[in-house]
Amino acid sequence: MSKTLVIVESPAKAKTINKYLGKDYKVLASFGHIRDLIPKSGAVDPDQNFAMHYEVVERNQKHINEIVKEIKDAETLLLATDPDREGEAISWHIKEYLEEKGKLKNKNVARVVFHEITKNAIKEAIEHPRDISMDMVNAQQARRALDYLVGFNLSPLLWKKISPGLSAGRVQTPALRMICEREDEIEAFKPEEYWTIESQLKHSESQFKGRLTEFDGEKVEQFSFVNETTAFAAKNALIQTFGKQIPVYNIDRKQRKRNPTAPFTTSTMQQEAARKLGFSTTRTMRTAQTLYEGINIGSETIGLITYMRTDSVTLAKEAVDEIAAFVKGRYGDDYLPEEPRVYKTKSKNAQEAHEAIRPTSAFRHPDELKNYLSSDQFRLYELIWKRTIASQMASAIMDTIAVDMGQKSLHTFRANGSTILFPGFIIVYTESFDDKKDDADDEKILPNMKVGDLINIEDIIATQHFTEPPPRFSEASLVKALEEHGIGRPSTYASIISTLQNREYVTVDARRFFPTDVGRIVSRFLTEHFTRYVEYDFTAKMEDDLDEVADGKLAWIPLMEEFWSPFQQLCKEKEESVSRADVAQARELGIDPKSGKPVSVRLGRFGPFAQIGDKDDEDKPKFASLRKDQRINTITLEEALELFTLPRDLGRTEDDELIRANIGRFGPYIQYGKKFVSLKEDDPYTVELPRALEIIEAHKAAEAAKFIKAFEAEGIQVLNGRWGPYVTDGEKNARIPKDREDPENLTLEECQELLAKAPAKKGKKTTKKAPAKKATTKKATTKKTTKKDADTSEDKPKKAAAKKAPAKKAAPKKTATKKVASE
Numbered sequence: 001m002s003k004t005l006v007i008v009e010s011p012a013k014a015k016t017i018n019k020y021l022g023k024d025y026k027v028l029a030s031f032g033h034i035r036d037l038i039p040k041s042g043a044v045d046p047d048q049n050f051a052m053h054y055e056v057v058e059r060n061q062k063h064i065n066e067i068v069k070e071i072k073d074a075e076t077l078l079l080a081t082d083p084d085r086e087g088e089a090i091s092w093h094i095k096e097y098l099e100e101k102g103k104l105k106n107k108n109v110a111r112v113v114f115h116e117i118t119k120n121a122i123k124e125a126i127e128h129p130r131d132i133s134m135d136m137v138n139a140q141q142a143r144r145a146l147d148y149l150v151g152f153n154l155s156p157l158l159w160k161k162i163s164p165g166l167s168a169g170r171v172q173t174p175a176l177r178m179i180c181e182r183e184d185e186i187e188a189f190k191p192e193e194y195w196t197i198e199s200q201l202k203h204s205e206s207q208f209k210g211r212l213t214e215f216d217g218e219k220v221e222q223f224s225f226v227n228e229t230t231a232f233a234a235k236n237a238l239i240q241t242f243g244k245q246i247p248v249y250n251i252d253r254k255q256r257k258r259n260p261t262a263p264f265t266t267s268t269m270q271q272e273a274a275r276k277l278g279f280s281t282t283r284t285m286r287t288a289q290t291l292y293e294g295i296n297i298g299s300e301t302i303g304l305i306t307y308m309r310t311d312s313v314t315l316a317k318e319a320v321d322e323i324a325a326f327v328k329g330r331y332g333d334d335y336l337p338e339e340p341r342v343y344k345t346k347s348k349n350a351q352e353a354h355e356a357i358r359p360t361s362a363f364r365h366p367d368e369l370k371n372y373l374s375s376d377q378f379r380l381y382e383l384i385w386k387r388t389i390a391s392q393m394a395s396a397i398m399d400t401i402a403v404d405m406g407q408k409s410l411h412t413f414r415a416n417g418s419t420i421l422f423p424g425f426i427i428v429y430t431e432s433f434d435d436k437k438d439d440a441d442d443e444k445i446l447p448n449m450k451v452g453d454l455i456n457i458e459d460i461i462a463t464q465h466f467t468e469p470p471p472r473f474s475e476a477s478l479v480k481a482l483e484e485h486g487i488g489r490p491s492t493y494a495s496i497i498s499t500l501q502n503r504e505y506v507t508v509d510a511r512r513f514f515p516t517d518v519g520r521i522v523s524r525f526l527t528e529h530f531t532r533y534v535e536y537d538f539t540a541k542m543e544d545d546l547d548e549v550a551d552g553k554l555a556w557i558p559l560m561e562e563f564w565s566p567f568q569q570l571c572k573e574k575e576e577s578v579s580r581a582d583v584a585q586a587r588e589l590g591i592d593p594k595s596g597k598p599v600s601v602r603l604g605r606f607g608p609f610a611q612i613g614d615k616d617d618e619d620k621p622k623f624a625s626l627r628k629d630q631r632i633n634t635i636t637l638e639e640a641l642e643l644f645t646l647p648r649d650l651g652r653t654e655d656d657e658l659i660r661a662n663i664g665r666f667g668p669y670i671q672y673g674k675k676f677v678s679l680k681e682d683d684p685y686t687v688e689l690p691r692a693l694e695i696i697e698a699h700k701a702a703e704a705a706k707f708i709k710a711f712e713a714e715g716i717q718v719l720n721g722r723w724g725p726y727v728t729d730g731e732k733n734a735r736i737p738k739d740r741e742d743p744e745n746l747t748l749e750e751c752q753e754l755l756a757k758a759p760a761k762k763g764k765k766t767t768k769k770a771p772a773k774k775a776t777t778k779k780a781t782t783k784k785t786t787k788k789d790a791d792t793s794e795d796k797p798k799k800a801a802a803k804k805a806p807a808k809k810a811a812p813k814k815t816a817t818k819k820v821a822s823e
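Following this line, the structure appears as C-alpha cells:
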C-alpha cells in the first residue's frame with residue numbers, strides 16, 4: 001500500500017524521483033495538463049466573471065484514471081508539478097478534478113516545489129510542503145483567457161478579410177510585427193558607398209595592418225571617402241608623404257579587465273545555444289528538459305541542471321560555495337574573485353524559478369559525463385557548465401596597445417593589439433555575440449615597437465564598401481528583442497517562434513527569419529486596425545500585470561474586464577468597416593504588352609497570385625498563383641508575366657498524345673493524354689520535350705511494374721503496391737494474404753471474395769452516418785493546427801468543427817499537448 005502519492009508532469013521525471021523515494025511513495029506523471037478549455041465559442045464567458053469551462057484532455061484520460069486508481073490507497077497527495085505558473089495550474093486542475101470526483105475525502109493534499117531533481121532537493125521539498133498558490137493559478141487562467149478571447153475573436157476576422165484558416169495570437173503577433181518591420185526597413189534601405197584606407201606594414205619580420213584614422217588633420221569617419229576618386233587621391237597623397245616608411249610617434253599601453261557574464265537565464269541560454277551550437281530554441285529547450293528531468297550516469301539517475309525556465313541570474317549560496325571549491329582545486333586561488341560575484345537581472349519582474357540555470361553539481365565535469373549523454377545533451381550541458389563556472393571566476397587581465405604612425409595632426413595610421421596577461425575566466429568560457437567572433441579571436445599581437453621606429457610600408461590599400469541594411473532576425477536576436485521589449489516570458493520564446501513557422505507566417509533561410517506574404521498582410525492588418533493591442537508597450541504592460549496577479553497585487557477579473565470591453569467593441573467595428581479588398585492591398589506591376597491590361601499581385605483566399613486585368617473588364621481577368629519563392633513585395637513584371645505561360649504545350653508522344661506542363665492542386669506535373677505525372681525536380685516553366693519524354697517513359701515503366709493482371713469486364717485489377725500485391729475495383733482495396741505467393745493466378749471469384757471482405761476506403765460515404773463521423777474525425781485529427789495554438793496558449797476557432805463535431809470528442813486534440821508553454 002502506498003501512503004503518499006506524488007504527481008509530477010513527465011514520466012522521465014517520475015522515473016527519476018521514484019528512485020529517490022522509499023516504498024511508502026508512489027510517483028505518477030500527469031503528462032502535462034489534464035484539463036483545458038473546451039475548443040469552441042463560450043469556453044470563456046465574460047458575462048459570468050470570465051468563467052472558464054474546462055474538460056479532460058482525452059489523450060491524458062488514461063493517466064488521470066491511473067491517478068484516480070492510486071489515490072484510493074494513499075493517505076497523502078503531493079502535487080509536485082513544475083515550479084512556475086503553468087505547473088501551479090496543472091496541480092490545481094488535478095486537485096479540482098479529484099475533488100469533483102469525490103476522491104480526496106480524508107486525504108492530505110499539499111503542493112511541493114523543487115528547482116532541481118537531486119535527492120537532497122526532493123527531500124527538502126517534501127519536508128516543506130505548502131498550499132497551492134491561487135494567485136499563480138489565477139495569473140495562468142488570466143493568460144489563458146486572454147489568449148483564448150484574442151484568438152476566438154481575431155481569427156474569424158482574418159478569415160473574412162484575408163484568407164481562411166488564419167489565426168492571430170496575443171503574444172505571437174508583436175513578434176511577427178518585429179520581423180515584418182525589419183523586412184520593411186531592409187526593402188526601404190538605400191546602400192551608400194564609402195571607402196576605407198589601410199596600410200600593410202612590416203616590422204621585425206612581423207606583418208600587421210594600420211587603419212587610417214587621420215587625414216589632412218581631420219579625423220577619418222565612415223564617409224570621409226565616398227567614391228573612388230577621393231579614396232585614390234588620399235592614397236596617392238599618403239604614398240607621396242611617406243614613401244616606403246612611416247615613423248611611430250605615439251604608443252599607448254593600458255591594462256583592462258574583462259569580467260565574466262552572468263549564468264544563464266532561459267533567454268540567454270537560447271541565444272548562446274543558437275550562436276555557438278546552431279540550436280533552434282525548440283531544440284535547446286527540448287534538450288534542457290532531458291538534462292533537468294534526469295540522466296542515468298551509471299551510478300545513479302539524476303537531474304544534471306536546475307529548472308530551465310527562469311529569468312533569474314541568482315545562484316544559491318551552496319552552489320557558489322561549491323563552484324569556488326571546484327575552481328580552487330582545479331585552477332588555484334588566483335582564479336577566484338576577491339568576493340563571490342553577485343549578478344542582478346535586467347528584467348523588471350524576474351519571477352518563476354529563483355535561480356539561474358546551472359549544473360546541479362559543479363564537480364560533474366562535462367568530460368566525465370560524455371559517455372552517458374547524446375551529442376546534443378553533451379554540448380548543451382558543457383555550455384551551461386562552462387558558463388556557470390566562469391561566472392564565479394576572476395576577471396581576465398588584458399594588455400592593450402595602440403600604436404600611432406605618421407605625422408601628428410596631419411596623416412595617421414593606427415594599429416591595435418592586445419595580449420592576455422592573466423586569462424582568469426577565459427580559461428573556461430567566453431561569450432559570443434550575433435554576427436561577431438569572440439573578442440579573443442580578434443586579438444592581434446603586434447611586434448615590439450618604440451617611438452621613433454620606422455615601419456616599412458608594403459602597400460596602401462583603398463577598399464570600396466557599401467552600407468548594409470539591418471540584419472534580419474535570427475532566433476537568438478529575436479529572443480533578445482522579445483526579452484528587451486518585455487514580450488512573453490521564459491517558457492514562451494520557443495513556442496512563439498515555432499508558432500510563427502507552423503502558421504507559415506515566416507520562413508527561415510540561413511538561420512534568418514523572412515516574413516511570408518501572408519505573414520506581412522496579417523501583421524499589416526493587425527497593426528493598422530488593432531494598433532493598441534499589437535504595440536510592444538501594451539503587450540509588455542500586460543505581462544507586467546499578469547506578474548502582479550501572480551504576486552497577489554492585482555485581481556485578475558478586473559484586469560480581464562479592462563481588456564475585454566474595448567477589445568470586443570473594436571472587433572465589431574472592424575468587421576463592419578474594413579473592406580476585404582482594402583486589406584489585400586494589390587500591388588500594380590505594369591502593363592501586359594499582349595493585352596494592354598494592368599498586371600497586379602495580391603493575396604487571395606488560396607494564397608498570393610498575379611492578375612491580368614480587373615473585375616470591371618469586359619473579359620474575365622486571368623489569374624496565376626505565385627511560386628513558393630516569390631513575394632508580393634519583390635516580384636517583377638517580367639516574373640509575373642512568366643506565370644501566365646502555363647500550361648505549356650511541349651509536343652507529342654509516339655502515340656500522338658499531347659504533352660503539357662502545368663501546375664495543379666498538388667504541384668507541378670506533366671500530362672500526356674489523360675494521364676498525369678508529378679514533377680519532382682523539374683521546373684514546369686523550363687522543362688522541354690526530351691526531358692518530358694524521359695519522365696513519361698519512367699512513369700510507364702513504373703505503371704507496368706505495378707500491373708499484375710486485370711478482369712476488364714468487372715473493372716477489377718491485381719496490382720503491386722507499396723506494401724505488396726493487392727486487389728482493387730476502384731472502390732475498395734483488398735490485401736492478398738501473405739501465404740498466397742502467386743497473385744498472378746488469382747481467379748475472378750477469389751478477387752471478388754477478397755473485395756467483399758475488405759473495408760471501404762477511408763472517406764467513402766457508404767451510409768448516412770458516415771458524414772457526421774467524418775466531421776468528428778476531422779475535428780479530432782487537426783493536430784497540426786491545434787498544436788500550434790496550444791503551444792502558445794493562443795487559440796483559433798474552427799468553424800466547421802464547432803458546428804458539427806461534439807465538443808467532448810473535438811477537444812482532446814486541441815489541448816493534447818505536454819504543458820502549454822504560456823509563462
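With the first letter of the sequence shown counted as 1, position 572 gets the number 572 in the UniProt record's numbering; the numbers rise by one all the way through.
Ideal Cβ placement from N, Cα and C applies to all residues, glycine included.
How big is the Cα-Cα spacing for residue 825 and E124? The structure shown does not extend to residue 825, since the chain is modelled only from 1 through 823, so no value can be given for it.
Per the contact definition of three or more C-beta pairs closer than 8 Å, is the stretch 495-508 in contact with the stretch 140-155? Using a Cβ-Cβ distance cut-off of 8 Å, the stretch 140-155 and the stretch 495-508 are not in contact, since fewer than three pairs of beta carbons, one from each stretch, lie closer than that value.
Between which two residues does the beta strand (DSSP E) containing M405 stretch? Here residue 405 is taken as the residue at index 405 of the sequence shown, counted from 1. That run of the beta strand (DSSP E) goes 396-407.
Cutoff 7 Å; reference E70; Cβ partners in own chain excluding five residues on either side: The sequence position of residue 70 within the sequence shown is 70, counting from 1. Closer than 7 Å at the Cβ level, and outside the excluded window around E70, lie S2, L5, K26, L28.
Please say whether G32 and E55 have beta carbons closer to each other than 8 Å? Here residue 55 refers to the residue found at position 55 of the sequence shown. Here residue 32 refers to the residue found at position 32 of the sequence shown. Cβ distance not < 8 Å, so E55 and G32 don't count as in contact.
If we require 4 or more residues per run, which alpha helix (DSSP H) segments fall completely within the stretch 559-628? 580-584
Inter-residue Cα distance where the pair is V506 and L176: Taking the first residue of the sequence shown as 1, we reach residue 506 at position 506. Taking the first residue of the sequence shown as 1, we reach residue 176 at position 176. If I take the Cα positions, the gap works out to 8 Å.
For G210, write down the residues that DSSP places opposite it in a beta bridge. Here residue 210 refers to the residue found at position 210 of the sequence shown. Answer by DSSP bridge pairing, in chain order: S199.
Between the Cα of V112 and those of I17, G151, L157, spot the shortest distance and give me the residue it belongs to. The residue labelled residue 112 in the question sits at position 112 within the sequence shown. Minimum Cα distance to V112 is reached at I17.
Take K95 and list the residues in its own chain whose beta-carbon comes closer than 8 Å to its own, dropping the five residues that flank it on each side. Your numbering for residue 95 matches position 95 in the sequence shown. Result list for K95: L77, L79, L104, V109, I132, in chain order.
According to the Cβ coordinates, are I297 and I455 closer than 8 Å? What you label residue 297 is simply residue 297 of the sequence shown in a count that begins at 1. What you label residue 455 is simply residue 455 of the sequence shown in a count that begins at 1. No, the pair does not count as a contact, with Cβ atoms beyond the cut-off.
Put L304 into one of helix, strand or coil per three-state DSSP. Indexing the sequence shown from 1 puts residue 304 at position 304. Here L304 sits in coil by DSSP.
Going by beta-carbon coordinates alone, are I487 and Y533 separated by less than 8 Å? The sequence position of residue 487 within the sequence shown is 487, counting from 1. The sequence position of residue 533 within the sequence shown is 533, counting from 1. Taking 8 Å as the Cβ cut-off, I487 and Y533 do not qualify as a contacting pair.
Please state whether the Cβ-Cβ distance between residue 825 and E88 is less than 8 Å. Examination of residue 825 is not possible in this model, given that the chain is present from 1 through 823 alone.
Through-space distance from A74 to A107, alpha-carbon basis: Counting from 1 along the sequence shown, the entry for residue 107 is found at position 107. Counting from 1 along the sequence shown, the entry for residue 74 is found at position 74. Sequence check: residue 107 is Lys here, not Ala. Answer to the nearest angstrom: the Cα atoms are 8 Å apart.
Out of N60, D311, I179, A43, which has the shortest C-alpha to C-alpha gap to F473? As a working mapping, residue 473 is identified with position 473 in the sequence shown. Checked all of N60, D311, I179, A43; the closest Cα to F473 is I179.
Along the chain, which unbroken stretches of the alpha helix (DSSP H) at least 4 residues long are found entirely within the stretch 688-744? 689-706
T345 by DSSP, collapsed to three states: which one? For the purposes of this step, residue 345 is taken as residue 345 along the sequence shown, with counting starting at 1. Of the three classes helix, strand and coil, the one that applies to T345 here is coil, per DSSP.
Beta-carbon spacing of R283, D376 below 8 Å: Numbered from 1 along the sequence shown, position 283 holds the residue referred to as residue 283. Numbered from 1 along the sequence shown, position 376 holds the residue referred to as residue 376. Taking 8 Å as the Cβ cut-off, R283 and D376 qualify as a contacting pair.
In whole angstroms, give me the CA-to-CA distance for L626 and G667. Here residue 626 is taken as the residue at index 626 of the sequence shown, counted from 1. Here residue 667 is taken as the residue at index 667 of the sequence shown, counted from 1. Between the C-alpha atoms of L626 and G667 there is a straight-line separation of about 12 Å.
Roughly how many angstroms separate the alpha carbons of A705 and I670, rounded to a whole number? Sequence index remark: in the sequence shown, residue 705 carries index 705 (1-based). Sequence index remark: in the sequence shown, residue 670 carries index 670 (1-based). Straight-line Cα distance between these residues: approximately 20 Å.
Buried or exposed: E116, going by 16 or more other Cβ atoms within 10 Å of its Cβ? As a working note, residue 116 is residue 116 in the sequence shown. E116 should be labelled buried.
What's the call for E588, buried or exposed, on a 16-neighbour Cβ count within 10 Å? Taking the first residue of the sequence shown as position 1, residue 588 is located at position 588. Exposed is the call here.
Using the C-alpha atoms, what's the distance from E753 back to T686? For this step, residue 686 is matched to residue 686 along the sequence shown. For this step, residue 753 is matched to residue 753 along the sequence shown. If you draw a straight line from the Cα of T686 to the Cα of E753, it comes to about 49 Å.
Own chain partners of P11 with C-beta closer than 8 Å, once the 5 adjacent residues on each side are dropped: Taking the sequence shown and counting its residues from 1, the one referred to as residue 11 is at position 11. If we look at P11 and ignore the five residues flanking it on each side, its Cβ neighbours are A29, F31.
K15 versus D517: straight-line alpha-carbon distance, rounded: In the sequence shown, the residue the question calls residue 15 occupies position 15. In the sequence shown, the residue the question calls residue 517 occupies position 517. So the alpha carbons of these two residues sit roughly 47 Å apart.
Compare the beta carbon distance of F538 and E193 with 8 Å and say whether it is the shorter of the two. For the purposes of this step, residue 538 is taken as the residue at position 538 of the sequence shown. For the purposes of this step, residue 193 is taken as the residue at position 193 of the sequence shown. Cβ distance not < 8 Å, so F538 and E193 don't count as in contact.
Given residue 826, which residues of its chain have a CB within under 8 Å of its CB, disregarding the five upstream and five downstream residues? Outside the modelled stretch of the chain, which goes from 1 to 823, sits residue 826, for which no answer is possible.
Whose CA, out of Q611, I295, K709, F215, lies closest to the CA of R232? Here residue 232 refers to the residue found at position 232 when the sequence shown is read from its first residue. Contrary to the premise, residue 232 reads as Phe rather than Arg in this sequence. Checked all of Q611, I295, K709, F215; the closest Cα to F232 is F215.
Closest to R253 by CA distance: which of S418, E744, D619 is it? Numbered from 1 along the sequence shown, position 253 holds the residue referred to as residue 253. Comparing Cα positions, the closest option is S418.
Thinking K276 and S432 are a contact (beta carbons under 8 Å), I'd like their distance in whole angstroms, please. Here the question's residue 276 lines up with position 276 in the sequence shown. Here the question's residue 432 lines up with position 432 in the sequence shown. K276 to S432, Cβ: 5 Å. Contact.
Distance, Cα to Cα, F50 vs E562? As a first step, residue 50 is located in the sequence shown; it is residue number 50 there, counting from the start. As a first step, residue 562 is located in the sequence shown; it is residue number 562 there, counting from the start. So the alpha carbons of these two residues sit roughly 12 Å apart.
In whole angstroms, what is the alpha-carbon distance linking E293 and I302? As a position in the sequence shown, residue 293 is number 293, starting the count at 1. As a position in the sequence shown, residue 302 is number 302, starting the count at 1. Going by the C-alpha atoms only, they are around 8 Å apart.
Among the candidates A758, I122, V403, whose CA atom is the shortest distance from the CA of K13? Along the sequence shown, read from residue 1 onward, the residue named residue 13 stands at position 13. Of A758, I122, V403, the residue nearest in Cα terms is I122.
Return the CA-CA distance between E318 and K450, expressed in angstroms with no decimal places. Residue numbering aside, residue 318 sits at position 318 when the sequence shown is read from its first letter. Residue numbering aside, residue 450 sits at position 450 when the sequence shown is read from its first letter. For E318 and K450, the distance between alpha carbons rounds to 51 Å.
Could you tell me which residues DSSP puts in a beta bridge with D491? The residue given as residue 491 occupies position 491 in the sequence shown. Sequence inspection shows Ser at residue 491; the Asp mentioned does not correspond to that position. Answer by DSSP bridge pairing: none, since S491 is not bridged.
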